[in-house]
Structure formats: C-alpha cells, structure tokens
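Chains as they are written, first to last, in the numbering used here: chain L, 186 to 298; chain D, 18 to 227.
Every residue, glycine too, gets a C-beta built ideally from N, C-alpha and C.
Treat the numbers as computed from the prediction; the structure is a model and nothing was measured.
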Amino acid sequence: MYQTNNKIAIIGDKDSVLAFKAAGCEVFQGEQIKQTLKKLSEEKYAIVLITEELYKANDDVIKKHNSNTYPIIIPIPSSLGSSGYGMQQIKANVERALGVPADSIFNKEKIEL
Amino acid sequence: MAKLNVNSTRMEQRKLKARRKMAVRGHKLLKDKSDEMIRQFMNYIFENKKIREELEHELEQAQRAFSMARAAMPPKAIEEALSTPVMSYSFVPSKTTIMGLDVPEFFDIEVKNTGALPYSFLTTSSQLDYAVSTISRLLIKIIQLAATEKTCVLLAAEIEKNRRRINALEHVVIPDLHETIKYIGMKLEENERGSRVRLMKVKEMVQKEP
Chain L
186 MYQTNNKIAI IGDKDSVLAF KAAGCEVFQG EQIKQTLKKL SEEKYAIVLI TEELYKANDD
246 VIKKHNSNTY PIIIPIPSSL GSSGYGMQQI KANVERALGV PADSIFNKEK IEL
Chain D
18 MAKLNVNSTR MEQRKLKARR KMAVRGHKLL KDKSDEMIRQ FMNYIFENKK IREELEHELE
78 QAQRAFSMAR AAMPPKAIEE ALSTPVMSYS FVPSKTTIMG LDVPEFFDIE VKNTGALPYS
138 FLTTSSQLDY AVSTISRLLI KIIQLAATEK TCVLLAAEIE KNRRRINALE HVVIPDLHET
198 IKYIGMKLEE NERGSRVRLM KVKEMVQKEP
C-alpha cells in the first residue's frame, strides 16, 4: 500500500478556511506557500486545497508539484466566490490533451444528451 | 528531412532496415496507447467537470453563509465555536495505473458526521450551522474531485508527451531512415554500374589489342 497520510490540508485566507477547520482539515496560512507546500509533501498529505486566488498567484510553484501523484493540489473557491479558475484549469487540460478548444467537446455532449 | 551520416555499405543498410522496422512498430504501439489514453481521459474529464460544477456551486453558498455568520458574530466566538472538528473523515489513498501511468485512487471514503454541532447554539448564528453542515457534507465530494482532477492532469500531461513521441517518429525518425536506406541502395547500384562499365571497357581494350 502506498504510504500517504489520509490527511487534507487547506491553505488560504482566514475567512475562507475557518469553515474547513470545523470539517477536520488542517489549516495553513497563505504566506510562504512554497515552504508550506514543501512541508506538506514531506509530511505526505494526500490532498491540499488552495483558494483560487492563492492558486493563481502561485501557479509556478504549484506546477512543480503537479507531476507527482501525491499530494493532490486543487483550487477551491474562496469566500469571495468562484472566479471560474477551477473550470479554466479543466478546459486547459482538455486543450492540452486533445488539441481542440474545450468548449467544442463539452458543448457536443450537451447536444447528444 | 536529412540523410543520416552513415557509410554506404550493405551492412549499414541492413542495420537501418531493422531500425526502420522497429520504429514503425513503435509508432503503431504509441498511437494505440494514445487512442486508449484519450478515451479514458474523456471519461474522466466529463466526470471532473460535473463534480466541480456541483461542488463550486454548493461551496459558494456555504462560504456566503459563513461570511454572514462572521458578520453577525464576534470573531472570538466564531473561533471558539470552530476550534473542535465536527466530524472525522477517513479514506485510504492508493495508486492505480492507467496505461502504465500512476494515478491516485481513494478507497473506503468515509465521512463520519457526529450529527451534533460542537458548539452551543446560544452564541452562534444559524448561518454558521448551515455553513458547517454543508462543508461537512461536501467533504466527500472534495475527496472525489481531488482524485478525478489529478487523474485528468496526469493523463493530459502524458497524452501530450506521447503525442510528441509519435510526431517525432512519424515526421522525423521514420522519413530519415527511409531516405537513408533509399540513398544507400542507389549508391550501391551506382557503384555496381560503375564497375560493370569499367569491366566492359577493359574487355574492349583487351580485344582490340592483338
């Protein structure tokens, strides 16, 4: 069995993360995200949630962790609401993999339904 | 397209032919791999989109409720109320493979909600109850989303890498080998013609002499 803690961490501003604290996630502040991420991957966290704003601002740091299977780093909407960044990432993935605009794939599905 | 820098001998040509055969076979295999990965990717990406849409919508509402609660309550009271977790989650993180690619997978996702909120209702607003219970409910979805989204990211990267390999084989390696083999073949023929002509000339000279 792969050795990863079944722990979830959340990084973000205080307003956004407090509610997750009640749900049992480990909370980290948004400063020095590089060190925090390093520490989290050394401690083998399974999932790291980051608010969209921080994810966007530290894109380059996060990209470096993306080739590993764990930790899984995903953006979530902050207390300011969703900026659609998570969706953008999904569309970027589609374009990367298939080489066609993502909308053409997703809209096609709707027509078929 | 460029001819490879090798000696024009029958030996080299044989070696190159073997390499071309290997390259063509590899190209076919990679292409099949790419097809299968794209098929898998399509399944995952639609699931990913669906989960994320649902999650973002509900999370936004929860966050909004939470902001309202913050506005209505003193900050100290909120922190005190939320200092003990309401619930515990557990899952077994593991790895599975899709076409030789390690992707995360979670088993036994379990979210244990104690049911009761861990604070007294006297000092808290009802918005807080709503926010906390929604986020507890959403946690299972977040765990699912994490696995799916990571799978998509890894697959997309692998498909891209694979496509580069296919293109390199299709547009560079195989044409180069092909051209070199053809070049060596022509060169050998030319040598043969040259030596035959020389022989004929020599024979003519020999017959003329006496």
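I need the straight-line Cα distance from residue i to residue j, nearest angstrom please.
i      : j      : result
G271/L : P262/L : 8 Å
F205/L : I196/L : 10 Å
G239/D : I183/D : This structure gives no information on residue 239/D, because the portion of chain D shown stretches from 18 to 227.
N24/D  : K34/D  : 14 Å
P191/L : P91/D  : Here residue 191/L turns out to be Asn, not Pro, going by the sequence shown. Rounded to whole angstroms, N191/L to P91/D spans 33 Å at the Cα level.
A207/L : V149/D : 7 Å
F123/D : I198/D : 52 Å
R215/D : M222/D : 11 Å
I259/L : L46/D  : 33 Å
P227/D : R210/D : 28 Å
L265/L : I193/L : 22 Å
K199/L : E96/D  : 11 Å
A79/D  : I176/D : 36 Å
E71/D  : K158/D : 9 Å
I235/L : R31/D  : 57 Å
L298/L : V120/D : Legend: pLDDT at L298/L = 47, less than 50; position of this residue unreliable, no value from coordinates given.
H308/L : S267/L : Since the first residue of chain L shown is 186 and the last is 298, residue 308/L is not available in this structure.
R81/D  : D245/L : 29 Å
Y240/L : A282/L : 22 Å
G215/L : D288/L : 33 Å
By the DSSP assignment, the alpha helix (DSSP H) with residue i in it spans what residues?
i      : result
T151/D : 143-185
S226/L : 218-227
F83/D  : 27-89
S107/D : Looking at the DSSP string, S107/D is not in any alpha helix (DSSP H); the run it does join, the beta strand (DSSP E), is 104-115.
V246/L : 244-250
F205/L : 199-207
V279/L : 270-283
According to the neighbour-count rule (16 or more other Cβ atoms, all chains shown, within 10 Å of its Cβ), is residue i buried or exposed?
i      : result
V202/L : buried
A19/D  : exposed
P286/L : exposed
E237/L : buried
S153/D : buried
A277/L : exposed
M104/D : buried
T113/D : exposed
E227/L : exposed
V189/D : exposed
N179/D : buried
Note the first and the last residue of the continuous beta strand (DSSP E) segment covering residue i.
i      : result
A94/D  : Taken as a continuous stretch (DSSP letters only), A94/D belongs to no beta strand (DSSP E), being part of the alpha helix (DSSP H) at 92-98.
L234/L : 232-236
I211/L : This sequence places Glu at residue 211/L; Ile is not what is there. First-last of the beta strand (DSSP E) with E211/L: 211-213.
P227/D : Note, P227/D: premise wrong, no beta strand (DSSP E); not H, not E.
A194/L : 193-196
P260/L : 257-261
Checking 9 Å against the spacing of the C-beta atoms, do residue i and residue j come in under that value?
i      : j      : result
L139/D : Q57/D  : no
R36/D  : I201/D : no
I275/L : K66/D  : yes
F83/D  : Q144/D : yes
I7/D   : I232/L : The displayed coordinates of chain D run from 18 to 227. Any statement about residue 7/D would go beyond what the structure contains.
L76/D  : G209/L : no
R69/D  : E166/D : yes
Contact list for the segment 267-285 of chain L against chain D, Cβ threshold 7 Å
If the cut-off is 7 Å between Cβ atoms, the segment 267-285 of chain L has S267, G271, M272, I275, N278, V279, R281, A282, L283 near chain D.
Of the residues that make up the segment 240-258 of chain L, which ones have a beta carbon closer than 8 Å to any beta carbon in chain D?
Within the segment 240-258 of chain L, the qualifying residues are N251, S252, T254, Y255, I257.
Where the segment 197-213 of chain L meets chain D: residues whose CB sits under 7 Å from a CB there
From the segment 197-213 of chain L, only D200, S201, L203, A204, F205, K206, A207, A208, G209 have a Cβ closer than 7 Å to chain D.
Taking beta-carbon pairs under 9 Å, can you tell me which members of the segment 99-117 of chain D lie near chain L?
Cβ contacts with chain L come from L99, S100, T101, P102, V103, M104, S105, Y106, S107, F108, V109, P110, S111, K112.
Taking Cβ-Cβ distances below 7 Å as the criterion, which residues of the segment 178-190 of chain D are in contact with chain L?
Cβ contacts with chain L: none found.
Can you give me, in chain order, the residues of the segment 53-75 of chain D that have a beta carbon less than 7 Å from any beta carbon in chain L?
Listed in sequence order: I55, F58, I62, F63, N65, K66, R69, E73.
Any residues in the segment 222-238 of chain L with a beta carbon nearer than 8 Å to a beta carbon of chain D? Which ones, in chain order?
Residues are counted here when their Cβ sits less than 8 Å from a Cβ of chain D; for the segment 222-238 of chain L these are A231, I232, L234, given in chain order.
Residues from the segment 139-155 of chain D in contact with chain L, defined by Cβ distance under 7 Å:
Only those residues of the segment 139-155 of chain D whose C-beta falls short of 7 Å from the nearest C-beta of chain L are listed: A148, V149, I152, S153.
Of the residues that make up the segment 76-96 of chain D, which ones have a beta carbon closer than 8 Å to any beta carbon in chain L?
So the list reads L76, E77, A79, Q80, R81, F83, S84, R87, I95, E96, given in the order they occur along the chain.
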